[in-house]
Amino acid sequence: MLNRRNFIGTAAVLAGATLISGRSQAASIPEAQTMASPNMQPPLFPKEGREYQPVVTLNGWTLPWRMNGGWKEFHLVAEPVIREFAKGMKAHLWGYNGQSPGPTIECVEGDKVRIFVTNRLPEHTTIHWHGILLPNGMDGVGGLNQPQIPSGKTFVYEFVMKKSGTFMYHPHADEMVQMAMGMMGFFVVHPKEPNLYRVDRDFVFLLNSYDIDPGAYVPKVMTMLDFNLWTFNSRVFPGIDPIVVRRGDRVRIRVGNLSMTNHPIHMHGYDFAVTCTDGGWVPESARWPETTIDVPVGAMRAFEFVATEPGDWAIHCHKAHHTMNAMGHEVKTFIGVNQRDLVKRITKQIPDYMAMGSAGMAEMGEMEMPMPDNTLPMMTGTGPFGSLEMGGMFTVVKVRDGLARNDYGDPGWYQHPAGTVSYEYKGEVKTAPPQSPEKKSDTPAIELNVKKPKGHTGNH
Ligand SMILES: [Cu+2]
18 MLNRRNFIGT AAVLAGATLI SGRSQAASIP EAQTMASPNM QPPLFPKEGR
68 EYQPVVTLNG WTLPWRMNGG WKEFHLVAEP VIREFAKGMK AHLWGYNGQS
118 PGPTIECVEG DKVRIFVTNR LPEHTTIHWH GILLPNGMDG VGGLNQPQIP
168 SGKTFVYEFV MKKSGTFMYH PHADEMVQMA MGMMGFFVVH PKEPNLYRVD
218 RDFVFLLNSY DIDPGAYVPK VMTMLDFNLW TFNSRVFPGI DPIVVRRGDR
268 VRIRVGNLSM TNHPIHMHGY DFAVTCTDGG WVPESARWPE TTIDVPVGAM
318 RAFEFVATEP GDWAIHCHKA HHTMNAMGHE VKTFIGVNQR DLVKRITKQI
368 PDYMAMGSAG MAEMGEMEMP MPDNTLPMMT GTGPFGSLEM GGMFTVVKVR
418 DGLARNDYGD PGWYQHPAGT VSYEYKGEVK TAPPQSPEKK SDTPAIELNV
468 KKPKGHTGNH
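Going by this note's numbering, the sequence shown opens with residue 18, and the numbers climb by one from there.
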């Protein structure tokens with residue numbers, strides 16, 4: 018008998034059948050793909066479905082998919098991974114499909130997407146699809162929208178891409194631990210109309226930070242502020258891929274921040290327009306110019322420019338500590354201190370003691386010190402003119418003439434045209450005597466008319 022309750026139930030099932038028909042198709046699962054290399058993989062051009070210019074993930078890759086009865090099917094595997102941060106240092110992280118961050122997921126506005134998530138972590142997890150408009154039960158907050166995915170189980174997420182844009186994915190289960198361990202990825206949805214917002218080169222990377230003691234392999238998950246490794250896609254300079262651009266190309270760079278502090282990302286050589294946030298595309302009339310874009314915590318910012326100026330242009334976080342690798346923040350500042358006498362006395366007690374930083378710390382960029390296994394120098398990297406004295410969130414936008422379309426291979430260092438590099442002045446250097454307000458000058462000195470109160474002692 019069809020009572021009201023049954024009827025509503027049947028209707029709901031029928032409605033579900035037209036919109037989300039998954040269950041029987043979801044009985045077969047695409048084989049999970051994994052990536053063994055931390056190197057940038059070529060963009061994944063779609064073999065079927067709507068056409069788009071695929072993104073390139075710095076030191077990353079894009080998750081392959083298959084079509085199944087009108088659904089684009091992906092298979093993510095949450096699992097422990099070993100990620101190389103740069104040559105000489107590996108970290109034991111949690112990630113997806115062999116790497117951390119996980120592979121970039123790409124699809125098209127209007128696509129019906131089915132994502133299988135297999136949990137191979139030692140504890141439960143979920144995935145939240147940051148910024149994507151979807152049914153509440155697909156939002157991935159463990160305990161609120163779904164039960165957590167237990168170890169060894171696979172859950173299925175199904176939703177229709179309502180809009181194009183730049184989104185992210187990460188767990189919403191034991192979040193503090195799982196995100197500190199590196200679980201995150203990019204989710205790019207291309208516009209249905211392939212020429213809308215089209216660019217020639219489209220780069221993505223995530224900002225994250227880790228606290229890994231020199232010689233250790235596992236990040237300290239309780240750290241809230243004092244991280245020692247600041248990463249683009251869980252890589253540090255000089256391990257980060259250059260952003261290789263053909264001169265004249267229109268370029269988009271999408272930067273997501275799933276770390277615990279903001280990162281002002283500064284690019285040299287250009288001004289750029291901010292064109293997209295994780296909330297959507299910025300209307301053309303509302304785009305604004307910047308040379309630094311602050312990427313807030315839990316947000317994405319995309320910017321675009323036309324690569325008219327050839328060269329090797331730095332791109333980096335503008336917080337100076339974020340372009341350093343592992344260091345102790347307890348190191349004392351010795352600038353201007355003559356440490357010679359001090360060193361004599363200390364070496365009596367500690368023979369290996371080394372005085373550091375009397376004239377700044379640039380010398381550390383070149384110093385070859387014995388280091389514990391599995392760590393990186395605080396500042397490192399060599400360019401065509403010597404030590405770069407950088408680490409962490411730093412890489413180079415390499416704009417070159419004559420690259421092939423979609424060629425992202427490193428072209429080497431920029432060859433400067435003759436007479437275009439800063440050079441040493443060989444003449445005599447003179448210094449004018451310091452100006453002082455007591456001296457009569459053309460411009461009258463401003464008099465400060467401050468009356469001292471009676472009995473004022475000068476100190477409070
Ligand atoms: Cu930063």
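Don't be surprised by glycine CBs; every beta carbon is placed ideally from N, CA and C.
The structure displayed is predicted, hence computed values, not measured ones.
Cβ-heavy atom distance, residue i to ligand 1, below 7 Å
i: W298; result: no
i: M410; result: yes
i: K365; result: no
i: H280; result: yes
i: C334; result: yes
i: H283; result: no
i: W305; result: no
i: I187; result: The displayed chain sequence assigns His, not Ile, to residue 187. H187: no, Cβ never under 7 Å from ligand 1.
i: H339; result: yes
i: W88; result: no
i: W247; result: yes
Buried/exposed call for residue i, threshold 16 Cβ in 10 Å
i: K64; result: exposed
i: M410; result: buried
i: M196; result: buried
i: T142; result: buried
i: T474; result: Because the pLDDT at T474 is just 46, under 50, the model does not fix this residue reliably, and the point stays unresolved.
i: Q366; result: exposed
i: Y186; result: buried
i: R422; result: exposed
i: D390; result: exposed
i: A190; result: buried
i: I122; result: buried
i: S485; result: With the chain covering 18 to 477 only, the question about residue 485 has no answer from this structure.
i: S54; result: exposed
i: G429; result: exposed
i: N114; result: buried
i: E68; result: exposed
i: V314; result: exposed
i: N499; result: This structure gives no information on residue 499, because the portion of the chain shown stretches from 18 to 477.
i: M84; result: exposed
i: D228; result: buried
i: Q432; result: exposed
Residue i: first and last residue of the uninterrupted beta strand (DSSP E) it sits in
i: V261; result: 260 to 263
i: F411; result: 411 to 417
i: H339; result: Per DSSP, H339 belongs to no beta strand (DSSP E) and is neither H nor E.
i: F320; result: 316 to 323
i: S404; result: 403 to 407
i: T397; result: 397 to 400
i: D329; result: 328 to 334
i: T79; result: Note, T79: premise wrong, no beta strand (DSSP E); not H, not E.
i: I310; result: 309 to 312
Boundaries of the alpha helix (DSSP H) in which residue i is found, first to last residue
i: E192; result: 192 to 197
Any chain C beta carbon closer than 8 Å to residue i
i: T74; result: The displayed structure is made up of one protein chain only, and chain C is not part of it.
Residue i beta carbon near ligand 2 (any heavy atom closer than 7 Å)
i: E140; result: In terms of ligand content, the structure shown lacks ligand 2 and carries ligand 1 instead.
Problem set entry | Meets three-Cβ-pair contact criterion under 8 Å: the region 197 to 204 and the region 50 to 59 | no
Exercise. Which residue spans inside the region 124 to 210 form an unbroken beta strand (DSSP E) run of at least 3?
Worked result: Restricted to the region 124 to 210, the beta strand (DSSP E) segments that are unbroken, complete and at least 3 residues in length are 129 to 136, 145 to 147, 171 to 177, 182 to 187, 202 to 207, listed in chain order.
For this session: Could you tell me which uninterrupted beta strand (DSSP E) segments, each at least 3 residues in length, are contained entirely in the region 218 to 302, listed from first to last along the chain?
Result: 218 to 227, 246 to 249, 260 to 263, 267 to 274, 280 to 284, 289 to 294
For this session: Mind listing, in chain order, the continuous beta strand (DSSP E) runs of no fewer than 3 residues lying wholly within the region 82 to 127?
Result: 83 to 85, 88 to 103, 106 to 113, 122 to 125
Exercise. Do the region 210 to 230 and the region 70 to 80 meet, that is, are 3 or more Cβ pairs less than 8 Å apart?
Worked result: yes
Exercise. Taking one C-beta from the region 413 to 420 and one from the region 315 to 334 each time, how about it: are there three or more such pairs within less than 8 Å?
Worked result: yes
Problem set entry | Touch test, the region 263 to 278 against the region 223 to 238, Cβ-Cβ under 8 Å, three pairs minimum | yes
Exercise. Between the region 236 to 250 and the region 157 to 169, are three or more C-beta pairs nearer than 8 Å?
Worked result: Taking 8 Å as the limit for Cβ pairs, the verdict is that the region 157 to 169 does not touch the region 236 to 250.
For this session: Count the C-beta pairs between the region 126 to 138 and the region 90 to 106 that are closer than 8 Å, then say yes if the count reaches three, no if not.
Result: yes
Exercise. Taking three-plus beta-carbon pairs below 8 Å as touching, is the region 309 to 320 in contact with the region 261 to 273?
Worked result: yes
Exercise. At a cut of 8 Å, does the region 101 to 119 reach the region 226 to 237 through at least three beta carbon pairs?
Worked result: Three or more Cβ pairs drawn from the region 101 to 119 and the region 226 to 237 lie within less than 8 Å of each other, which places the two stretches in contact.
Exercise. Is the number of C-beta pairs between the region 300 to 313 and the region 281 to 288 that are closer than 8 Å three or more?
Worked result: With a cut-off of 8 Å, the region 281 to 288 and the region 300 to 313 count as touching, because enough Cβ pairs lie within range.
Exercise. If we count Cβ pairs, one from each stretch, closer than 8 Å, do we get three or more for the region 119 to 128 versus the region 204 to 218?
Worked result: Yes: at least three Cβ pairs fall under 8 Å.
For this session: Take every Cβ of the region 247 to 262, pair it with every Cβ of the region 333 to 344, and state whether three or more of those distances are shorter than 8 Å.
Result: yes
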